[in-house]
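Single-structure report; data block below.
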Amino acid sequence: MILLVGATGLLGHNVLELLLRQGRRVRCIVREGSSIDSAVTSQAIEGQLDIVTGSILDESLLERCIGGCNEVVNCAGVTDMSHASIDDYRPVNTWLPLKLAELLDAGSGGTLVDVSTANTVEPGTAGHPSDEDSPFDGPFSASLYARSKRESERALMEFAQTHLRTRVVILMPGFMIGPYDCKPSSGKLLLTAYRKPLMAVPAGGKSFIDARDVASAVAGALSNPLVQGRYLTTGKALSLKEFYNEQKAVCGYRQLCLTLPRWLCLWVGGLGDWLEKHGKRNLFTSRNVRQLLVLEYYDDSRARRELGMTCTPLQQSIKDFFDYNER
């Protein structure tokens, strides 16, 4: 049986759907008041899916749930960029992955697939995209979220070196989009510009990937006993302006998209810093704004080669997000 943590999120839904289609038995931990879309759970046959209600930070619950499982997939993460302290991220982003590895190893051992972020390596350039060996540098090294994830990666890799019964695979996704973005999470970026005649965006961009492609990498990591370590799962690099041009073409509306000057973005970041200093949580601190001024180029060929990661066309990912959102 596979223990899936973080099943209610965008990636978690897509991972669960794929595992159920593959005939795997899955146990999910879902917090009180949250749920998994019935379009996914209805695909399970009797005895295939076990949903446990509780906190993923409850160590005794984790220990009970990991019993009988020799594979664990962790899709959980705190991504809210308005937190002012790294300690707001560490319980879920840093403590939880290592605890899952320890509990798995304390039993029969097995495989842990942990989902981190591509932002734990520098963003690279078009001519020299970053790979798994690139340093943790650039504007993301100031990100509290990315720092908490990088701490987790280091702890897991050190653990794997001394606990050979437990195989650790770390996936480092780019900006995921696609169906089952229930909250929505990353889908807010798409909804922000939807059918608006005028948009103004920073000069930077993202590496966009379909959540189903990352889910295929999860499945590949589970099925191939020879793979271990870190894998970038990142997709297509586009500026925000280029992405919104793709979106308007897919959705069939007109839009003029302008690029904001760098100085204005940095001024907004300075204002966000002032607000944070005076106790006002906000998204527009300079550490966050600077991330929106760079393009992100990554080489994900290792994941495609060794994990069999699929490649969904970006236009299809956009269409499927809106089809799900509007149903």
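Numbering (the numbering used here), first residue to last: -1 to 325. Glycine is no exception: its CB is placed at the ideal position from the N, C-alpha and C atoms. Note that this is a predicted model, so its numbers are computed, not measured.
Taking residue i as the reference, give the member of the options with the closest Cα.
i: Val330; options: Leu230, Ser205 and Lys204; result: One cannot answer for residue 330 here, as it falls past the ends of the chain, which runs -1 to 325.
i: Met174; options: Ile168, Leu273, Leu60 and Thr115; result: Thr115
i: Tyr192; options: Tyr242, Leu258 and Asp135; result: Tyr242
i: Ile316; options: Ala209, Glu130, Val199 and Glu15; result: Ala209
i: Leu142; options: Gly185, Gly125, Pro171 and Thr77; result: Thr77
i: Leu238; options: Leu258, Thr232 and Ser221; result: Leu258
i: Arg228; options: Leu169, Thr283, Glu274 and Leu269; result: Leu169
i: Tyr322; options: Phe282, Cys180, Thr232 and Asn222; result: Cys180
i: Val3; options: Gln289, Val38 and Glu69; result: Glu69
i: Thr160; options: Arg325, Gly107, His126 and Ile207; result: Gly107
i: Ser299; options: Gln253, Gly233, Asp271 and Thr283; result: Gly233
i: Cys263; options: Asn222, Leu59, Val287 and Ser183; result: Val287
i: Pro182; options: Ile27, Leu14, Phe319 and Arg23; result: Phe319
i: Ser53; options: Arg19, Ile27, Arg23 and Gln245; result: Ile27
i: Leu312; options: Gln226, Leu236, Leu1 and Tyr295; result: Leu236
i: Leu59; options: Lys275, Leu1, Leu254 and Gly270; result: Leu1
i: Phe157; options: Arg285, Leu102, Cys249 and Leu273; result: Leu102
i: Asp86; options: Leu18, Cys73, Arg145 and Gly125; result: Arg145
i: Thr123; options: Tyr295, Ser221 and Thr92; result: Tyr295
i: His126; options: Arg19, Leu293 and Leu224; result: Leu293
i: Arg29; options: Pro195, Gln20 and Asp56; result: Asp56
i: Trp265; options: Leu291, Glu100 and Gln226; result: Leu291
i: Asn222; options: Glu240, Gly105, Cys249 and Val111; result: Val111
i: Val113; options: Leu254, Lys147, Pro89 and Gly218; result: Lys147
i: Thr6; options: Ala247, Val71 and Leu254; result: Val71
i: Cys309; options: Met197, Ala198, Val199 and Ile207; result: Ile207
i: Asn91; options: Leu17, Glu149 and Ala42; result: Glu149
Exposed or buried, which one is residue i when buried takes at least 16 other CB atoms within 10 Å?
i: His11; result: buried
i: Ser33; result: exposed
i: Glu44; result: exposed
i: Leu8; result: buried
i: Thr118; result: buried
i: Pro177; result: buried
i: Thr66; result: According to the sequence displayed, residue 66 carries Gly and not Thr. Exposed: under 16 other Cβ atoms inside 10 Å.
i: Gly31; result: exposed
i: Ser251; result: Looking at the sequence itself, residue 251 is Tyr, so the reference to Ser does not match. That one is exposed.
i: Pro121; result: buried
i: Arg325; result: exposed
i: Ser40; result: exposed
i: Leu14; result: buried
i: Thr109; result: buried
i: Ser284; result: buried
i: Gln289; result: buried
i: Ala74; result: buried
i: Ala37; result: exposed
i: Pro195; result: exposed
i: Gln20; result: exposed
i: Gln245; result: buried
i: Cys63; result: buried
i: Ala104; result: exposed
i: Ala198; result: exposed
i: Leu224; result: exposed
i: Leu220; result: buried
i: Leu254; result: exposed
i: Ala301; result: buried
Mind checking who residue i pairs with in its DSSP beta bridge?
i: Arg165; result: Thr109
i: Ala37; result: Bridge partners of Ala37: none, in fact.
i: Met174; result: Ile207
i: Val24; result: Ile0 and Leu47
i: Lys234; result: Phe206
i: Thr257; result: Val199
i: Asn72; result: Val3 and Asp112
i: Tyr329; result: Outside the displayed range of the chain (-1 to 325) lies residue 329, so it cannot be described from this structure.
i: Gly66; result: According to DSSP, which records beta bridges pairwise, Gly66 is partnered with nothing at all.
i: Leu229; result: Here residue 229 turns out to be Tyr, not Leu, going by the sequence shown. Answer is Leu169, bridged to Tyr229.
For the ligand MN, I want to know if residue i counts as a neighbour, meaning its beta carbon is within less than 7 Å of at least one of the ligand's heavy atoms.
i: Gly45; result: This structure lacks the ligand MN, and indeed carries no ligand of any kind.
- Task: Within the stretch 87 to 146, note down every full beta strand (DSSP E) run reaching 3 residues or more, in order along the chain.
- Result: Within the stretch 87 to 146, the runs of beta strand (DSSP E) that reach at least 3 residues and sit entirely inside it are, in chain order, 108 to 113.
- For the 8 Å Cβ check, are there 3 or more pairs between the stretch 205 to 224 and the stretch 296 to 309? Touching, yes.
- Message: Taking 8 Å as the cut-off, does the stretch 38 to 50 touch the stretch 71 to 86 (at least 3 CB pairs, one atom from each stretch)?
- Response: As far as the Cβ criterion goes, the stretch 71 to 86 does not touch the stretch 38 to 50, which means the pair count is below three.
- Query: Curious, which full-length beta strand (DSSP E) runs of at least 3 residues does the stretch 179 to 205 contain?
  - Reply: Runs of the beta strand (DSSP E) lying entirely within the stretch 179 to 205, each at least 3 residues long, are 196 to 199 in chain order.
- Query: Is the stretch 183 to 199 in contact with the stretch 135 to 145, if contact means three or more CB pairs nearer than 8 Å?
  - Reply: The stretch 183 to 199 is not in contact with the stretch 135 to 145.
- Message: Under 8 Å, with one C-beta from each stretch per pair, do the stretch 198 to 205 and the stretch 159 to 168 reach the 3-pair mark?
- Response: By the C-beta criterion, the stretch 198 to 205 is judged not to be in contact with the stretch 159 to 168, since fewer than 3 inter-stretch pairs fall below 8 Å.
- Flag this pair as touching only if the stretch 142 to 160 and the stretch 89 to 105 have three or more C-beta atom pairs under 8 Å; answer yes or no. Short answer: they touch.
- Touch check for the stretch 270 to 281 and the stretch 126 to 133: three-plus C-beta pairs under 8 Å? Touching, no, given that fewer than three Cβ pairs across the two stretches are closer than 8 Å.
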